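K.L.:
A single structure is presented below for examination.
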Amino acid sequence: MKERWEERTQTPLLVLAVAFGIAYAVPIVAPDAAPWVHRLCTHVEWAVWAAFALDYLVRLAIAPSRWAFVRGHPLDLLAVILPMVQPLRLLRVVATLLLVGRRARMAPQITLTMYVAGSVVGLMMFGSLAVLHVERDAPNGNIKTLGDAVWWSFTTMTTVGYGDHAPTTGLGRVLAVGLMLSGIALLGVVTANIAAWFISRFDRDDEAERRQTELLEALTAEVRALRAEVARLSPPQTARDPLPGAAPEAPAGPAAPEAVPAPTAPRA
């Protein structure tokens, strides 16, 4: 029953996650939008979080062992509790990202490559928006536009850190630490995935070579066995028996008379 519920709610929750991303981005990208737009986006954010929280509670209710479910899904529980402890937009972002990531990992149609690529794009997008929201109005901040925020997120996630843009507020630096750790983890996953792909490719080539070698050895053994069988079934050949395909020997005739030397004349 739990598997059927997760399978049926997978697509709707991912659609809600996309709606959450749009609702989170609009007020930051367009801060001068109408007040009703900001209120609508806030309501959408809370509605999406509530949908994921309801999904967690339903899965907890239908789980065979509720305590085992709680112990096996600590990040889901943390993501449900965080926004209620302190209703910050950033905590709603973190909670929703945790819940979306958890459900995406359980989706059978999402491979590791798609999950890693989606995680990179999602972290870069939300990291850029979050740091822009925090740093744009800071007195000494130097991240004022979305382009600056995206550049900073890219250099931070790749651990390059040019230093031309950096957060100056405490919350911005907390975001930077989280983005650095996430970038290192994702780079490790990407590197391991590429190495595993090369290793599997080499293993397939070695396996093909081993199969060809085994086939040649089997054919050689069969040829030897056939030669031995042919030699066993062939009749033994005697010295008088002509070889197959050889011309018969001509019968021996009478011996030719020896030549008698001619007499020589006596000397005078």
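For the sequence shown, the numbering used here gives the first residue as 104, with consecutive numbering after it. Every residue, glycine too, gets a C-beta built ideally from N, C-alpha and C. Treat the numbers as computed from the prediction; the structure is a model and nothing was measured.
Three-state secondary structure (DSSP) at R314?
P.N.:
Position 211 of the sequence shown holds residue 314. DSSP places R314 in helix when its eight states are reduced to three.
K.L.:
Is there contact here, the stretch 295 to 313 with the stretch 241 to 253, by at least three beta-carbon pairs under 8 angstroms?
P.N.:
Verdict: no, contact absent.
K.L.:
If you compare alpha carbons, which of F305, T272, R304 and T261 is closest to V292?
P.N.:
For the purposes of this step, residue 292 is taken as the residue at position 189 of the sequence shown. When each option's Cα is compared against that of V292, the closest is T261.
K.L.:
Can you grab the Cα-Cα spacing for the pair Y127 / V140, in whole Å?
P.N.:
Position 24 of the sequence shown holds residue 127. Position 37 of the sequence shown holds residue 140. So the alpha carbons of these two residues sit roughly 11 angstroms apart.
K.L.:
Do R169 and L178 count as a contact pair if the criterion is CB distance below 7 angstroms?
P.N.:
Position 75 of the sequence shown holds residue 178. Position 66 of the sequence shown holds residue 169. Not a contact, by the Cβ cut-off of 7 angstroms.
K.L.:
Quick one, which of L278, L274, H146 and D251 has its alpha-carbon nearest Y265's?
P.N.:
Here residue 265 refers to the residue found at position 162 when the sequence shown is read from its first residue. Nearest C-alpha to Y265: D251.
K.L.:
Cutting at 7 angstroms between CB atoms, please list the residues of its own chain near F257, excluding the five before and the five after it.
P.N.:
Counting from 1 along the sequence shown, the entry for residue 257 is found at position 154. Closer than 7 angstroms at the Cβ level, and outside the excluded window around F257, lie M227.
K.L.:
Can you give the beta carbon distance from G230 to L282, rounded, assuming they're within the 8 angstroms contact cut?
P.N.:
Position 127 of the sequence shown, counted from the first residue, corresponds to residue 230. Position 179 of the sequence shown, counted from the first residue, corresponds to residue 282. That belief holds up - the Cβ atoms of G230 and L282 are roughly 5 angstroms apart, short of 8 angstroms.
K.L.:
For E238, does the count of other Cβ atoms within 10 angstroms reach 16, so buried, or fall short, so exposed?
P.N.:
Against the sequence shown, residue 238 aligns to sequence position 135. Buried: at least 16 other Cβ atoms inside 10 Å.
K.L.:
Considering Cα atoms alone, identify which of I184, A136 and R142 is closest to A156.
P.N.:
Sequence index remark: in the sequence shown, residue 156 carries index 53 (1-based). Of the listed residues, the one whose Cα sits closest to A156 is I184.
K.L.:
What residue does the alpha helix (DSSP H) around G250 start on, and which one ends it?
P.N.:
In the sequence shown, the residue the question calls residue 250 occupies position 147. Here the alpha helix (DSSP H) through G250 covers L249 to M260.
K.L.:
Just how far apart, CA to CA, sit I131 and T145?
P.N.:
For the purposes of this step, residue 131 is identified with residue 28 of the sequence shown, where counting begins at 1. For the purposes of this step, residue 145 is identified with residue 42 of the sequence shown, where counting begins at 1. Rounded to whole angstroms, I131 to T145 spans 12 angstroms at the Cα level.
K.L.:
My output table needs one value for S168: the three-state DSSP class, helix, strand or coil.
P.N.:
Position 65 of the sequence shown, counting from 1, holds the residue named residue 168. Coil, per DSSP.
K.L.:
If I'm right that V234 touches G275 with Cβ under 8 angstroms, what's the distance once you round it to whole angstroms?
P.N.:
Locating residue 234 in the sequence shown gives position 131, counting from the first residue. Locating residue 275 in the sequence shown gives position 172, counting from the first residue. Going by Cβ atoms, the distance from V234 to G275 rounds to 6 angstroms, so yes, they are a contact pair.
K.L.:
When the distance is taken between beta carbons, is V147 closer than 7 angstroms to A122?
P.N.:
Residue mapping note: residue 122 aligns to position 19 of the sequence shown, counting from 1. Residue mapping note: residue 147 aligns to position 44 of the sequence shown, counting from 1. Going by C-beta atoms, A122 is nearer than 7 angstroms to V147.
K.L.:
For G286, which option in Q315, R304 and W255 has the closest C-alpha, if you only look at C-alpha atoms?
P.N.:
Indexing the sequence shown from 1 puts residue 286 at position 183. Out of Q315, R304 and W255, W255 has the C-alpha closest to the C-alpha of G286.
K.L.:
Using the Cα positions of G175 and A166, report the straight-line distance between them to the nearest angstrom.
P.N.:
Translated into positions along the sequence shown, residue 175 becomes position 72. Translated into positions along the sequence shown, residue 166 becomes position 63. Each residue's Cα considered, the two are about 11 angstroms apart.
K.L.:
Rounded to the nearest angstrom, what separates W108 and A154 at their Cα positions?
P.N.:
Numbered from its first residue, the sequence shown carries residue 108 at position 5. Numbered from its first residue, the sequence shown carries residue 154 at position 51. Going from the Cα of W108 to the Cα of A154 covers about 14 angstroms.
K.L.:
Go ahead and label T248 buried or exposed: buried means 16 or more other beta carbons lie within 10 angstroms of its beta carbon, across all protein chains shown.
P.N.:
Taking the sequence shown and counting its residues from 1, one reaches residue 248 at position 145. Classification for T248: exposed.
K.L.:
Could you name the residues of the same chain whose beta carbon sits closer than 6 angstroms to that of F172, not counting the 5 residues immediately before and after it, in chain order?
P.N.:
Residue mapping note: residue 172 aligns to position 69 of the sequence shown, counting from 1. The residues are L163 and A166.
K.L.:
Is it right to say T259 is buried, meaning 16 or more other beta carbons lie within 10 angstroms of its own, or is it exposed?
P.N.:
Along the sequence shown, read from residue 1 onward, the residue named residue 259 stands at position 156. Buried is the call here.
K.L.:
When the Cα atoms are used, what is the spatial distance from L278 to R142?
P.N.:
For the purposes of this step, residue 278 is identified with residue 175 of the sequence shown, where counting begins at 1. For the purposes of this step, residue 142 is identified with residue 39 of the sequence shown, where counting begins at 1. Those two C-alpha atoms are separated by around 25 angstroms.
K.L.:
Go ahead and label S303 buried or exposed: buried means 16 or more other beta carbons lie within 10 angstroms of its beta carbon, across all protein chains shown.
P.N.:
Numbered from its first residue, the sequence shown carries residue 303 at position 200. By the neighbour-count rule (16 or more Cβ atoms within 10 Å), S303 is not buried but exposed.
K.L.:
I need the DSSP call for N296, collapsed to helix, strand or coil.
P.N.:
Against the sequence shown, residue 296 aligns to sequence position 193. Three-state DSSP puts N296 in a helix.
K.L.:
Which residues in the same chain as T272 place their Cβ atom closer than 8 angstroms to its Cβ, once the five residues preceding and following it in sequence are excluded?
P.N.:
On the sequence shown, position 169 is the one that residue 272 refers to. For T272, where only same-chain residues beyond five positions count, the Cβ hits under 8 angstroms are V237, E238, A241 and G244.
K.L.:
In whole angstroms, what separates the C-alpha of D308 from that of A321?
P.N.:
Position 205 of the sequence shown, counted from the start, is the residue given in the question as residue 308. Position 218 of the sequence shown, counted from the start, is the residue given in the question as residue 321. If I take the Cα positions, the gap works out to 20 angstroms.
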